[in-house]
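Protein chains in written order, with our numbering: chain A, 6 to 276; chain B, 463 to 577.
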Ligand SMILES: Nc1ncnc2c1ncn2[C@@H]1O[C@H](COP(=O)(O)OP(=O)(O)O)[C@@H](O)[C@H]1O
Ligand SMILES: [Mg+2]
């Protein structure tokens, strides 16, 4: 039985910013590091965590059947093929949108806490019931956002709600960073986003075509493509989550070569 | 407002400024409003009433007056910037007894960005 389980909500406000991709990659990375990890798909109206993990054909039960005692928890948990430390639990299926209440979420998470070191909750977009239910069962949160005005604005809404509900720590992951655009100041900088949202940065994830390839295959990058730029970012995030002091990659460094030095000069704040 | 070397060069060349600065400023403004639960109408109403109250006591430059929400580190403050008119001798101009505070037309809309 695991003690001190960390229950982490992965949320964003806006949809399509990379919550599910982060959940899948973080799940694999933590499992790799030897932690028993459950990923709970709370976005079951439009579920796709199963797809990203390549487990879509193996789901039989959901949390609902567990709570109604139609099956045992271990029957509903879908163990990952390569990473035995990782299991997926869908909170529900798309037909049962109204079913889940905050208390159901708490009960199922309490059961998961009995046997896992980490519970990662993949949260639905929005700030309505789906989000609130998932938040009810969480202790801490990772807010995922992109360096774009709409994503940052929605993240701010979510952070406000997390704060009022005493979820902490709340940390930030900035996804889809494009070093060149940032260097050219055509994209909000890392400092811009962390200053505006006033959150500690758990990590950034580079924009990476390999993410799409990995979703096609149902194999998160952190499983087999450890050298891709985004995979390195996800691994760093997993390490920092454990308190390891891993320096941030410098996106300006990433856009190396010719213009990098010049671009850095151009970013100098004058006043 | 922070300016980078690129911003300055763009300005000198009369080029459009890099969009990240614009994004940052637009976000700061919109978030100040999002974070308070005040609607724009309520804020305008409050702005008007604050100006009226102050105008009862000192003569303020209504056109320069601005009441806005500003935000830093998730703390939002209501900031009123109301320049008081001075007399020739440099004294603060107190309000004359006659009440003419009614005549403050729509001074509110585009006064938010004078920081
Ligand atoms: N770092 C990245 N680089 C490139 N594409 C990404 C990255 N992160 C996410 N994506 C893509 O963005 C889309 C939305 O990601 P997803 O994780 O499903 O977001 P959410 O769960 O927040 O809705 C997916 O098509 C995914 O492949
Ligand atoms: Mg998702």
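Even glycine gets a Cβ: it sits at the ideal position worked out from N, Cα and C.
Contact with chain B by residue i, beta-carbon distance below 8 Å
| i | result |
| --- | --- |
| residue 270 (chain A) | yes |
| residue 199 (chain A) | no |
| residue 274 (chain A) | yes |
| residue 255 (chain A) | no |
| residue 203 (chain A) | yes |
| residue 194 (chain A) | yes |
| residue 215 (chain A) | no |
| residue 176 (chain A) | no |
| residue 165 (chain A) | yes |
| residue 158 (chain A) | yes |
| residue 191 (chain A) | yes |
| residue 154 (chain A) | yes |
| residue 162 (chain A) | yes |
Proximity below 8 Å, CB of residue i to CB of residue j
| i | j | result |
| --- | --- | --- |
| residue 169 (chain A) | residue 160 (chain A) | no |
| residue 311 (chain A) | residue 51 (chain A) | The requested residue 311 (chain A) is not part of the displayed model; chain A covers only 6 to 276. |
| residue 203 (chain A) | residue 536 (chain B) | yes |
| residue 468 (chain B) | residue 120 (chain A) | no |
| residue 246 (chain A) | residue 127 (chain A) | no |
| residue 210 (chain A) | residue 23 (chain A) | yes |
| residue 33 (chain A) | residue 125 (chain A) | no |
Any C-beta of chain A under 8 Å from that of residue i
| i | result |
| --- | --- |
| residue 465 (chain B) | yes |
| residue 483 (chain B) | yes |
| residue 515 (chain B) | no |
| residue 470 (chain B) | yes |
| residue 493 (chain B) | yes |
| residue 499 (chain B) | no |
| residue 480 (chain B) | yes |
| residue 476 (chain B) | no |
| residue 496 (chain B) | yes |
| residue 525 (chain B) | no |
| residue 490 (chain B) | yes |
| residue 535 (chain B) | yes |
Rounded straight-line distance, which links the Cα of residue j to that of residue i
| i | j | result |
| --- | --- | --- |
| residue 192 (chain A) | residue 185 (chain A) | 9 Å |
| residue 47 (chain A) | residue 110 (chain A) | 9 Å |
| residue 4 (chain A) | residue 520 (chain B) | The question about residue 4 (chain A) has no answer here: the residues shown for chain A are numbered 6 through 276. |
| residue 146 (chain A) | residue 13 (chain A) | 5 Å |
| residue 516 (chain B) | residue 522 (chain B) | 8 Å |
| residue 494 (chain B) | residue 531 (chain B) | 6 Å |
| residue 97 (chain A) | residue 64 (chain A) | 11 Å |
| residue 174 (chain A) | residue 207 (chain A) | 11 Å |
| residue 190 (chain A) | residue 257 (chain A) | 11 Å |
| residue 226 (chain A) | residue 89 (chain A) | 17 Å |
| residue 504 (chain B) | residue 539 (chain B) | 16 Å |
| residue 239 (chain A) | residue 27 (chain A) | 7 Å |
Beta strand (DSSP E) runs contained entirely in the segment 464-527 of chain B, provided each spans 3 or more residues: Segments of the beta strand (DSSP E) lying fully in the segment 464-527 of chain B: there are none.
Runs of alpha helix (DSSP H) lying entirely within the segment 184-263 of chain A, each at least 4 residues, in chain order: Qualifying alpha helix (DSSP H) stretches, in chain order: 184-188, 195-202, 215-222, 226-229, 234-246 and 256-259.
Inter-stretch contact at 8 Å, needing at least 3 Cβ pairs: the segment 219-234 of chain A / the segment 189-206 of chain A: Cβ pair count under 8 Å is below three, so no.
Three-pair Cβ contact test at 8 Å for the segment 174-188 of chain A versus the segment 34-47 of chain A: Contact between the segment 174-188 of chain A and the segment 34-47 of chain A is not established, with fewer than three Cβ pairs separated by less than 8 Å.
Residue ranges of each alpha helix (DSSP H) within the segment 152-184 of chain A, 4 or longer: Counting only runs of at least 4 residues, the segment 152-184 of chain A fully encloses the following alpha helix (DSSP H) elements, listed from N- to C-terminal order: 154-169.
In chain order, each alpha helix (DSSP H) run of at least 4 residues that lies wholly inside the segment 68-140 of chain A: The segment 68-140 of chain A contains these whole alpha helix (DSSP H) runs: 68-72, 78-81 and 107-118.
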